[in-house]
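Sequential numbering of the sequence shown, starting at 111, is according to my numbering.
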Amino acid sequence: MSDPLIAMLARTVALSTPDPQVRPGDIVTVTATVTTHSGKGLGGVALRWSTSGRAGLSSTGTTTDAAGQTSVQVMAVAPEEVVVTASISGAPLSDSLLVDVGNSRASQYVRRVELSATRQAGDTFNVHAVLTDAQGQRVPGAALRWGVTAQAGIEPAVTTTDASGYAYATVTDQFAETVNVSAWLLNNTGMSGQVDLVFVPPRITIPDVGMKHGQFAPPLAITVERPAGTPLPDALLQLQLHPDPARPDQTCYFWKMEDSGATHTTHIELVTDDTGSVTIGTSALWALKADAPGQMSMDVNLVSEGMGATRILEVQ
111 MSDPLIAMLA RTVALSTPDP QVRPGDIVTV TATVTTHSGK GLGGVALRWS
161 TSGRAGLSST GTTTDAAGQT SVQVMAVAPE EVVVTASISG APLSDSLLVD
211 VGNSRASQYV RRVELSATRQ AGDTFNVHAV LTDAQGQRVP GAALRWGVTA
261 QAGIEPAVTT TDASGYAYAT VTDQFAETVN VSAWLLNNTG MSGQVDLVFV
311 PPRITIPDVG MKHGQFAPPL AITVERPAGT PLPDALLQLQ LHPDPARPDQ
361 TCYFWKMEDS GATHTTHIEL VTDDTGSVTI GTSALWALKA DAPGQMSMDV
411 NLVSEGMGAT RILEVQ
């Protein structure tokens, strides 16, 4: 990884090659040049390299020399558009270069980019792109760049259609929102496809506990899970109690145990632990108590999502 102080000096990273069009089996040299704000070459910068398609790399990590340059060799395997990408370690800078192998120019034949998706879990989708020409035939070897909206992530950022004309990406999101996924051809301006993915919200579970009026309730563990069933830690929860509207004599409170209940309130905020849980009970910071029988209710709101759940608690 680059020294953070050196990486901060980088202004641009630019890729170049003397062979933008090669034959299958050729070895292509791609050079990265890293410059400062003044345009001078910057040495000692670590770069991460990657390729799309079936091409191979001589190295996935190199460091610039005193002139700010470093190179890798790319093995062109099959007729396709290969995207070579170099990213600076420790800085949000990168550049990509397209190499046409076998004079395929695959993207020039594409007339349609169609996306579809299948849900793998609540917070993961597999997205499929199929590229077809004017006759409806699938186009292999065309390079695509993927993009997403909202707070989602997508991998990989760039890919190449396989021999059947398909390309694939995985989209993940931990929030309940609609995510727009786009895939566009790198050297065919305006040719793209889109699909919307709807991510479902996390699940809040509030267990029922047997309560007796005038006594502290048994321990109650509220859990928050992502749609895939994994816990959601460090989530801010707002808890609100409501007495039974049919029992005007009923009051209910969260009691703060560290000061023997001197502090009590109907509204508290808690943060889930590593297991996605918060616990209310006499051995925890807050306990729960109602002073008359009836049906009290508890609202639990997940602040980051603007959603919540309610549990009716029977008090004997």
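Positions of the beta carbon are idealized from the N, C-alpha and C atoms, including for glycine.
Quick one: measure Cβ to Cβ for residue 348 and residue 376, integer angstroms, because I've assumed they're closer than 8 Å. Between residue 348 and residue 376 the beta-carbon gap is near 12 Å, outside 8 Å, which marks them as no contact.
Does the structure place the region 289-309 close enough to the region 391-400 that three or more beta carbon pairs sit under 8 Å? Using a Cβ-Cβ distance cut-off of 8 Å, the region 391-400 and the region 289-309 are not in contact, since fewer than three pairs of beta carbons, one from each stretch, lie closer than that value.
Quick check on residue 210: buried or exposed, where buried means 16 or more other Cβ atoms within 10 Å of its Cβ? Counting other Cβ atoms within 10 Å of its Cβ, residue 210 reaches 16 or more and is therefore classed as buried.
I'd like the span of the beta strand (DSSP E) that includes residue 218, first residue to last. In the DSSP assignment, residue 218 falls outside any beta strand (DSSP E) and carries neither an H nor an E.
With distances taken between CB atoms, is the gap from residue 381 to residue 346 smaller than 7 Å? Against a cut-off of 7 Å, the Cβ pair of residue 346 and residue 381 comes out as a contact.
With 16 other CB atoms within 10 Å as the buried threshold, where does residue 386 fall? By the neighbour-count criterion, in which 16 or more other beta carbons inside 10 Å mark a residue as buried, residue 386 falls on the buried side.
Is it right to say residue 388 is buried, meaning 16 or more other beta carbons lie within 10 angstroms of its own, or is it exposed? Burial call: buried.
Going by DSSP, what residue range makes up the beta strand (DSSP E) through residue 306? Where residue 306 is concerned, the enclosing beta strand (DSSP E) starts and stops at 302-308.
In the structure shown, what three-state DSSP assignment does residue 111 receive? With a pLDDT of 49 at residue 111, under the threshold of 50, the modelled position of that residue is not reliable, and no figure is offered here.
With distances taken between CB atoms, is the gap from residue 142 to residue 227 smaller than 7 Å? A distance of 7 Å or more separates the beta carbons of residue 142 and residue 227.
DSSP puts residue 190 in a beta bridge; with which residues? DSSP lists 211 as partners of residue 190.
With distance defined between alpha-carbon atoms, name the residue in 343, 321, 293 and 322 nearest to residue 313. Cα-wise, what sits closest to residue 313 is 343.
If you draw a straight line from the C-alpha of residue 208 to the C-alpha of residue 230, how long is it? In this structure, the alpha-carbon of residue 208 lies about 31 Å from that of residue 230.
Please list, in chain order, all residues of the same chain as residue 177 whose beta carbon is under 6 Å from its beta carbon, the five residues on each side excluded. Cβ within range, chain order: 151.
For residue 94, I'd like the list of residues in its chain whose CB is within less than 6 Å of its CB, leaving aside the five on either flank, ordered along the chain. The question about residue 94 has no answer, for the chain in this structure spans 111 to 426.
Whether residue 263 touches residue 282 by CB criterion (7 Å): The answer is yes: Cβ separation under 7 Å.
Give the secondary structure of residue 316 by DSSP, where H, G and I count as helix, E and B as strand, and everything else as coil. When DSSP states are grouped into helix, strand and coil, residue 316 belongs to the coil group.
Over the uninterrupted beta strand (DSSP E) stretch that includes residue 350, give me the two end residues. Residue 350 -> beta strand (DSSP E) spans 346-352.
Can residue 203 and residue 123 be called in contact, C-beta distance under 7 Å? Residue 203 is a Cβ neighbour of residue 123, given a cutoff of 7 Å.
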